[in-house]
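Residue numbers (the numbering used here): 6 to 434. Heads up, the beta-carbon is just placed ideally off N, CA and C, and yes, glycines get one too. Note sheet for the following structure.
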């Protein structure tokens, strides 16, 4: 009995360590579910170029956010010759571990190059990583799975060849989501439009749901990333774009509910920011390139079946709203950062505004992330403003690094990884 109890205690301890490690890892865009909230309570709040843990220059350029497993951090990039790369670095010292060229190709974008070429290429979608594998998706439609330790190719799928060509004004930019054995890829364009689930170990198709809702002009285009939300104890895959927000059973692909209402009154309106869920509410955004006061944030009560527009829509907010930056939900509050650096705090259930203040100078495209009761707002000019995640939003620190920072930071244990267009930086408490 004593030996049994000892073994049981050891097993429980190992499980606890494993769960803690999973909670601490930041293996994909805005964490495991896409909430943007880290379980870490020990993140740094102040730093500068003189106090970084390490900084490394990157091969090529890109704005994919870092993905972090227990020992390495991964980013993607595109070189001047249009070659596509996955890069791996040591978490502790930034030492390059491996680099892998996985393909080449130009971003298929029909919009004016002067509106996107300086900040968006085929290496905009963020990679995904666990301790065994790295999954990297590119704007060309190439999806690869590599060995996380060696960079060796495990499998690849050409999504354009398999499921149809993209017809999207600024080129494909959506990041996949990994959840319980499946890699989910959302594609919303005026051409191919669908959500697929692929087996994470083989790349084989598990399910495919054609996703084409009524929408006009640039409305069918979306650059958002799916999230996972728990509703009545069950996971739902939630997607925004093409005037709609909807949810799928991640195991079967069954559509659970949907609602229209995201489309804005502009021929150029589209969805870039991802949905965000918290306190039984899910929020979606839609905006116009360059702002212009045409965007809005909308909220729905989670749950229901079929068309839930009339039954579940809670509120709409249409002032100082995000275009690229995904909001974040913490402690019953929603924080939303507009491109001009103005942040709005709302009650996520009622939409009541708690405060509005300018946080960053210049322009902000990165999504908000949070940990330890603080929210991190990153600006293109390398400024990161840290403020309390509460109804007052007191700014506790303003930090500055050199470079252009379009991508969203990754939070892991006591370290924050920030990716500039051509370098990767780690700051540690």
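Q: Answer with buried or exposed for residue 336, where buried requires no fewer than 16 other C-beta atoms within 10 angstroms of its C-beta.
A: exposed
Q) Going by beta carbon distance, what residues of the same chain come within less than 6 Å of residue 402, once the five residues before and after it are set aside? A) 50, 51 and 391
Q: Could you tell me if residue 181 is buried or exposed, where buried requires 16 or more neighbouring beta carbons within 10 angstroms of its beta carbon?
A: So residue 181 ends up on the buried side.
Q: Below 6 Å CB to CB, which residues in the same chain sit around residue 46 once its five sequence neighbours on both sides are set aside?
A: 377
**Q.** Classification of residue 251 by the beta-carbon crowding that lies within 10 angstroms, buried from 16 upward
**A.** buried
Q. Going by DSSP, which residues form a beta bridge with residue 214?
A. 200
Q: Confirm, please, whether the CB-CB distance from residue 369 to residue 330 is below 8 Å.
A: yes
(Q) Across the segment 120–129 and the segment 153–171, are there enough close Cβ pairs to call them in contact, namely three or more that are closer than 8 Å? (A) no
(Q) Could you tell me the alpha carbon to alpha carbon distance between residue 149 and residue 275, rounded to whole angstroms? (A) 27 Å
Q: With DSSP as the reference, please indicate the residues paired to residue 312 in a beta bridge.
A: DSSP, once it has assigned bridges, lists 263 as partnering residue 312.
Q. Just how far apart, CA to CA, sit residue 385 and residue 82?
A. 18 Å
**Q.** Other residues of its chain near residue 28: CB distance less than 6 Å, five sequence neighbours each side excluded
**A.** Reliability fails at residue 28, whose pLDDT of 48 lies under 50, so the model's placement of it is uncertain and the value that follows must be treated cautiously. Excluding sequence neighbours, residue 28 sits near 44.
Q: Provide the residue(s) that pair with residue 235 in DSSP beta bridges, ordered along the chain.
A: 240
Q | Element boundaries [beta strand (DSSP E), containing residue 106] | A | Bounds of the beta strand (DSSP E) holding residue 106 are 101–109.
Q | First and last residue of the uninterrupted alpha helix (DSSP H) at residue 165 | A | In the DSSP annotation of this structure, the continuous segment of the alpha helix (DSSP H) that includes residue 165 starts and ends at 164–168.
Q) Exposed or buried, which one is residue 40 when buried takes at least 16 other CB atoms within 10 Å? A) buried
Q | Cross-strand partners of residue 91 (DSSP beta bridge) | A | 81 and 105
Q | is_contact[residue 301, chain C] using C-beta, thresh 8 Å | A | Annotation note: the requested chain C is absent from the structure, which comprises a single protein chain.
Q.
Is the separation between the beta-carbon of residue 225 and that of residue 177 shorter than 8 Å?
A. no
Q) Below 8 Å, can you find three or more Cβ-Cβ pairs linking the segment 345–355 to the segment 404–421? A) Of all C-beta pairs linking the segment 345–355 to the segment 404–421, fewer than three are shorter than 8 Å, placing the two stretches out of contact.
**Q.** Given residue 320 as reference, the closest of 267, 361, 379 and 310 once Cα atoms are compared
**A.** 267
Q.
Quick check on this structure: which residue in 264, 135, 96 and 208 has the alpha carbon closest to the alpha carbon of residue 147?
A. 208
Q. Given a threshold of 16 other Cβ atoms within 10 Å of its Cβ, counted over all protein chains shown, does residue 71 qualify as buried or as exposed?
A. buried
Q | For residue 293: DSSP bridge partner residues | A | Partner(s): none; residue 293 has no beta bridge.
Q) In angstroms, rounded to a whole number, what distance separates the CA positions of residue 333 and residue 42? A) 8 Å
Q.
To the nearest angstrom, how far is the alpha carbon of residue 359 from that of residue 79?
A. 37 Å
Q: Following the continuous beta strand (DSSP E) through residue 374, name the residue where it begins and the one where it ends.
A: 374–376
(Q) Tell me the rounded alpha-carbon separation between residue 113 and residue 242. (A) Going from the Cα of residue 113 to the Cα of residue 242 covers about 27 Å.
Q | Among 215, 56, 73 and 412, nearest to residue 37 - alpha-carbon criterion | A | 73
Q | Alpha-carbon spacing of residue 421 relative to residue 316, whole angstroms | A | 40 Å
Q. What does a CB cutoff of less than 8 Å around residue 467 pick up in its chain, not counting 5 residues either side in sequence?
A. Because residue 467 is not part of the residues shown, which for the chain are 6 to 434, the question remains open.
Q.
With the cut-off set at 8 Å, would you say residue 381 and residue 414 are in Cβ contact?
A. yes
Q: Sort out for me which residues DSSP pairs residue 250 with in a bridge.
A: Beta-bridge pairing links residue 250 to 245 and 264.
Q.
Along the chain, where does the beta strand (DSSP E) containing residue 392 start, and where does it finish?
A. 388–393
**Q.** Other residues of its chain near residue 143: CB distance less than 6 Å, five sequence neighbours each side excluded
**A.** Setting aside the 5 residues that flank it on each side, residue 143 is surrounded in the same chain by 89 and 127, each with a C-beta closer than 6 Å to its C-beta; the list follows chain order.
Q: Could you spell out the range, first to last residue, of the beta strand (DSSP E) harbouring residue 333?
A: 333–335
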